[in-house]
Amino acid sequence: MSARTLFDKVWAAHEVVPETAETPAVLYIDLHLTHEVTSPQAFSQLKSLGLPVRRTDRTLATLDHSTPTRTEQVFGSTPIVMDAAAKQVRAMEQNCADFGVELFGMRDPKRGIVHIIGPELGASQPGFTIVCGDSHTSTHGAFGALAFGIGSTEVGHVFATQCLLQRKPKSFAVNVGGHLKPGVTAKDLILAIIGKVGVSGGTGHVLEYRGAAISALSMEERMTICNMSIEAGARAGMIAPDETTFQYLKGRPRAPSGGDWERSLARWKSLPTDPGARFDASLDIDAASLAPMITYGTNPGMVLPINGAIPLKSGDAVFDKALAYMGFKAGDAMLGKPIDVVFIGSCTNGRLEDLHAAARVLRGRKVAKGVQLLIVPGSQAVKREAEAAGLAQIFLDAGADWRESGCSMCLGMNGDLVGKGKYSVSTSNRNFEGRQGVGARTLLASPYTAAASAVCGRIADPRELL
Amino acid sequence: MQPLQVIRSKTVVMASTNIDTDQIIPARFLTVTTKEGLGKELFADWRYDAQGNPNPNFVLNQPQSKGSQVLVAGKNFGCGSSREHAPWALLDFGFRAVISSEIADIFKNNSLKNGLLPVVVDEATHAWLIGNPGADVTIDLSTNTLTLPGERRIAFAIEAFARYGLLNGVDELGYLRSKLADIERYEAARGW
Ligand code: SF4
Numbered sequence: 001m002s003a004r005t006l007f008d009k010v011w012a013a014h015e016v017v018p019e020t021a022e023t024p025a026v027l028y029i030d031l032h033l034t035h036e037v038t039s040p041q042a043f044s045q046l047k048s049l050g051l052p053v054r055r056t057d058r059t060l061a062t063l064d065h066s067t068p069t070r071t072e073q074v075f076g077s078t079p080i081v082m083d084a085a086a087k088q089v090r091a092m093e094q095n096c097a098d099f100g101v102e103l104f105g106m107r108d109p110k111r112g113i114v115h116i117i118g119p120e121l122g123a124s125q126p127g128f129t130i131v132c133g134d135s136h137t138s139t140h141g142a143f144g145a146l147a148f149g150i151g152s153t154e155v156g157h158v159f160a161t162q163c164l165l166q167r168k169p170k171s172f173a174v175n176v177g178g179h180l181k182p183g184v185t186a187k188d189l190i191l192a193i194i195g196k197v198g199v200s201g202g203t204g205h206v207l208e209y210r211g212a213a214i215s216a217l218s219m220e221e222r223m224t225i226c227n228m229s230i231e232a233g234a235r236a237g238m239i240a241p242d243e244t245t246f247q248y249l250k251g252r253p254r255a256p257s258g259g260d261w262e263r264s265l266a267r268w269k270s271l272p273t274d275p276g277a278r279f280d281a282s283l284d285i286d287a288a289s290l291a292p293m294i295t296y297g298t299n300p301g302m303v304l305p306i307n308g309a310i311p312l313k314s315g316d317a318v319f320d321k322a323l324a325y326m327g328f329k330a331g332d333a334m335l336g337k338p339i340d341v342v343f344i345g346s347c348t349n350g351r352l353e354d355l356h357a358a359a360r361v362l363r364g365r366k367v368a369k370g371v372q373l374l375i376v377p378g379s380q381a382v383k384r385e386a387e388a389a390g391l392a393q394i395f396l397d398a399g400a401d402w403r404e405s406g407c408s409m410c411l412g413m414n415g416d417l418v419g420k421g422k423y424s425v426s427t428s429n430r431n432f433e434g435r436q437g438v439g440a441r442t443l444l445a446s447p448y449t450a451a452a453s454a455v456c457g458r459i460a461d462p463r464e465l466l
Numbered sequence: 467m468q469p470l471q472v473i474r475s476k477t478v479v480m481a482s483t484n485i486d487t488d489q490i491i492p493a494r495f496l497t498v499t500t501k502e503g504l505g506k507e508l509f510a511d512w513r514y515d516a517q518g519n520p521n522p523n524f525v526l527n528q529p530q531s532k533g534s535q536v537l538v539a540g541k542n543f544g545c546g547s548s549r550e551h552a553p554w555a556l557l558d559f560g561f562r563a564v565i566s567s568e569i570a571d572i573f574k575n576n577s578l579k580n581g582l583l584p585v586v587v588d589e590a591t592h593a594w595l596i597g598n599p600g601a602d603v604t605i606d607l608s609t610n611t612l613t614l615p616g617e618r619r620i621a622f623a624i625e626a627f628a629r630y631g632l633l634n635g636v637d638e639l640g641y642l643r644s645k646l647a648d649i650e651r652y653e654a655a656r657g658w
């Protein structure tokens with residue numbers, strides 16, 4: 001057999017019916033993750049057709065997007081303030097009960113952002129196909145899974161058949177050589193990659209991140225990278241499984257165990273791209289050349305090294321509109337710009353390592369006057385671990401707001417919002433207009449940069465505080 | 467889903483590139499549990515001011531846009547979030563097709579599944595359409611052609627199976643369910 005990529009192998013292993021000129025492939029889905037925002041219409045479709053969820057054992061549900069993060073609203077007697085959100089949460093509880101789907105409900109210690117809990121439980125595994133009605137499903141590609149976001153209609157398809165109709169995307173190798181310098185993180189690397197590929201450069205492709213810099217990353221860092229593949233327009237992002245992957249998975253509650261572990265391991269080791277396999281496109285980047293990155297515009301491709309200046313571009317109406325929205329001028333330096341809010345969390349940077357990074361900067365320091373620092377763990381498990389490790393205390397001592405888990409200010413569906421015209425340094429993944437609230441101005445950065453900026457009250461280079 | 471064959475309409479142009487689904491339908495309107503009625507929130511943050519009054523400078527609020535079924539948008543339309551609420555809102559507003567030089571993958575998939583036709587055209591055709599808002603166009607799915615004023619015909623590509631579904635108003639779930647025996651065989655072979 002000819003040399004194949006990781007993606008080719010995972011794809012081929014899940015073709016129930018191969019594609020033809022007339023029909024897409026019927027692709028089997030190993031793990032279906034779901035949350036309260038994109039599933040109600042799919043459940044309704046099943047109800048109207050009188051169909052069950054075909055494989056409840058391959059389906060996991062959580063509440064994350066519209067859930068409150070204030071402890072008294074999650075665990076106390078204070079109700080969810082937003083009526084529509086409360087209704088959606090109740091609908092999810094009802095649907096999961098009706099269809100027998102396992103739900104991590106509001107007070108479940110396993111609850112969290114859907115892309116944090118899959119890996120944390122060991123449910124996201126190498127060689128799997130994983131889907132969710134959510135574009136950041138690409139996160140799970142860090143395990144060597146083919147993981148991608150789908151719409152609500154497709155959520156219904158997977159519920160009913162455990163399969164999807166799909167055309168095979170093209171492959172794209174992102175070769176990352178060298179090693180990241182101190183203070184430069186996986187978040188900076190993926191922002192730099194998006195800056196190079198462009199926000200639509202990955203359209204129709206599955207990215208495979210490869211090379212020495214990628215192999216050196218922890219699983220948490222790999223998830224940060226794969227998470228933002230969609231921001232380059234890609235269908236998915238993948239990283240070949242290796243010892244780091246296996247060590248991470250071993251002993252997790254839903255990972256294989258005993259003889260099953262050995263058999264899985266043998267299978268997983270056969271997944272990496274064969275030498276000489278061909279990709280449809282490729283890009284080379286040198287990790288050692290990178291500085292901490294920050295966005296200045298209204299899409300994640302409008303990104304700069306933190307000590308850089310906004311480029312000068314004449315006659316580009318879209319560029320001008322983005323700068324006007326941000327209240328910036330071409331030629332402006334990013335360092336030293338005043339900020340109002342800092343958000344540390346989301347499925348990009350809401351894992352324990354991210355909180356350790358934030359704590360490294362915040363330990364023994366205070367949040368600048370007039371700045372709100374909101375730290376939201378990605379899951380209840382992350383919250384417990386951060387509290388046990390003493391991180392939560394460091395955050396509280398610094399003057400940060402420490403919350404229950406959820407998507408929170410990443411998209412502001414639950415009422416955690418950035419005010420109109422305010423500047424927010426955020427560890428999330430999207431700086432679109434209004435993403436964090438109507439008129440909110442988002443600057444995407446790493447947990448280091450976010451924490452350093454919170455302390456300084458301005459956009460700051462974290463390397464000076466580490 | 468209604469069968470879709472020919473759309474004749476004036477175009478509405480939104481020239482910005484990278485219009486993301488957070489703009490098409492902002493997150494705070496995603497707390498619905500049905501698909502209907504999202505048209506009033508389509509492009510809400512561009513369409514209304516802080517008091518909820520229509521912004522007269524926004525193209526969809528202008529009289530010439532009324533009744534248009536074809537949106538011509540800048541490159542990479544529909545990027546970002548996978549929310550199917552985006553095509554639902556566009557359809558509910560009255561659009562039946564979106565034309566661009568590039569349309570984001572998930573949005574394109576979601577559109578096809580709801581009877582909103584994504585039409586990807588070459589850069590030159592795209593530039594002409596962007597420069598000529600209100601042009602009378604005809605999109606004929608039975609021949610895969612977009613006809614511009616002056617009988618200029620442009621062929622566009624669309625995935626064969628999705629096209630069949632749109633032309634006949636059939637959804638894909640029926641087809642997938644017809645493969646249940648194959649799916650069961652697959653599961654058995656894998657011991658899954
Ligand atoms: S944290 Fe943000 S990007 Fe991640 S799933 Fe939640 S809303 Fe989506």
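These protein sequences, in sequence, are chains G and C.
Start counting the first sequence at 1; every next residue gets the next number (this note's numbering).
Start counting the second sequence at 467; every next residue gets the next number (this note's numbering).
All C-beta atoms in this analysis are idealised placements derived from N, C-alpha and C, irrespective of residue type, glycine included.
For clarity, every value in this text was computed on a predicted model and none was experimentally measured.
query, result
"Throw me the rounded Cβ distance for the G:G350 and G:I113 pair, which I believe falls under 8 Å.", "6 Å"
"Below 8 Å, is the gap between the Cβ of G:N429 and the nearest heavy atom of ligand 1?", "yes"
"Per DSSP, C:P520 forms a beta bridge with which residues?", "C:Y514"
"By a C-beta neighbour count over all protein chains shown, 10 Å radius and 16 as the cutoff for buried, is G:K337 buried or exposed?", "buried"
"Do G:L283 and G:L206 have their beta-carbon atoms positioned less than 9 Å apart in this structure?", "Here the sequence assigns Val to residue 206 of chain G, which means Leu is not the residue at that position. Not in contact: G:V206 and G:L283 (Cβ atoms no closer than 9 Å)."
"Report whether the distance from the Cβ of G:V341 to the nearest heavy atom of ligand 1 is below 8 Å.", "no"
"Leaving out five residues before and five after G:V26 in sequence, what residues of the same chain have Cβ atoms less than 6 Å from its Cβ?", "V16, V17, C163"
"Report yes or no: is there a C-beta of chain G within less than 9 Å of the C-beta of C:T483?", "yes"
"Which class does G:F246 belong to by DSSP, given the choice of helix, strand or coil?", "helix"
"Given this structure, state the Cα-to-Cα distance separating G:T298 from C:W512, to the nearest angstrom.", "14 Å"
"Shortest alpha-carbon distance to C:A555 belongs to which of C:P520, C:Q489, C:N634?", "C:Q489"
"Could you tell me which residues DSSP pairs with G:L46 in its beta bridges?", "Answer by DSSP bridge pairing: none, since G:L46 is not bridged."
"In three-state DSSP terms, what is C:G640?", "helix"
"In the DSSP output, what is G:E102 paired with across the bridge?", "G:L60"
"When DSSP labels each residue in this structure, what does G:S126 get in the three-state scheme?", "Inspection of the sequence shows that residue 126 of chain G is occupied by Pro rather than by Ser. Note: G:P126 maps to coil in three-state DSSP."
"Go through the region 206-246 of chain G residue by residue and report every complete run of the beta strand (DSSP E) that reaches 3 residues or more, in order.", "236-238"
"With a Cβ-Cβ cutoff of 9 Å, do G:E353 and G:S218 count as a contact?", "yes"
"Looking at the unbroken beta strand (DSSP E) that takes in G:V376, where does it start and where does it end?", "Neither: G:V376 is in no beta strand (DSSP E) and is coded neither H nor E."
"Select from the region 402-416 of chain G all residues with a C-beta closer than 7 Å to any C-beta belonging to chain C, and list them in chain order.", "L411, G412, M413"
"Assuming contact is defined by CB atoms lying nearer than 9 Å, are G:I344 and G:L355 in contact in what I supplied?", "yes"
"Given G:D64, which residues of its chain have a CB within under 8 Å of its CB, disregarding the five upstream and five downstream residues?", "H35, E36, R111, G112, I113, V114, S405, G406, C407"
"Counting Cβ pairs, one atom from each stretch, are 3 or more of them under 8 Å apart for the region 314-323 of chain G and the region 445-464 of chain G?", "no"
"May I ask you to check if the CB of G:C96 is nearer than 8 Å to at least one heavy atom of ligand 1?", "no"
"Tell me whether G:V174, by its Cβ, gets closer than 8 Å to a heavy atom of ligand 1.", "no"
"Which residues does DSSP pair with G:L27 in a beta bridge?", "G:E15, G:L164"
"Taking only runs that begin and end inside the region 321-385 of chain G, name each unbroken beta strand (DSSP E) of 3 or more residues, in chain order.", "341-344, 372-375"
"Any C-beta of chain C within less than 8 Å: which residues of the region 102-124 of chain G qualify?", "none"
"Using 8 Å as the cut-off, can you tell me whether the region 630-649 of chain C makes contact with the region 571-588 of chain C, which would need three or more C-beta pairs spanning the two stretches below that distance?", "yes"
"Report the partner residues of C:R474 according to the DSSP bridge assignment.", "C:T604"
"Could you tell me how far apart the beta carbons of G:L444 and G:N429 are, in whole angstroms, since I believe they sit closer than 8 Å?", "7 Å"
"For G:H215, which residues of its own chain have a beta-carbon under 7 Å away from its beta-carbon, when the five flanking residues on both sides are left out?", "Note on identity: in this sequence residue 215 of chain G is Ser, with His being the wrong assignment. Contacts found: D242."
"Interface residues of chain C around G:E235 at Cβ under 7 Å?", "With the sequence shown as reference, residue 235 of chain G is identified as Arg, and Glu is not the correct amino acid for it. The contacting residues are D571."
"When the distance is taken between beta carbons, is C:L508 closer than 9 Å to C:F573?", "no"
"So G:L373 and G:G399 are supposed to be a Cβ contact under 8 Å. How far apart are they, rounded?", "7 Å"
"If you measure from the beta carbon of C:A493 to each beta carbon in chain G, is any gap under 9 Å?", "yes"
"Does G:G149 come out as helix, strand or coil in the three-state DSSP assignment?", "strand"
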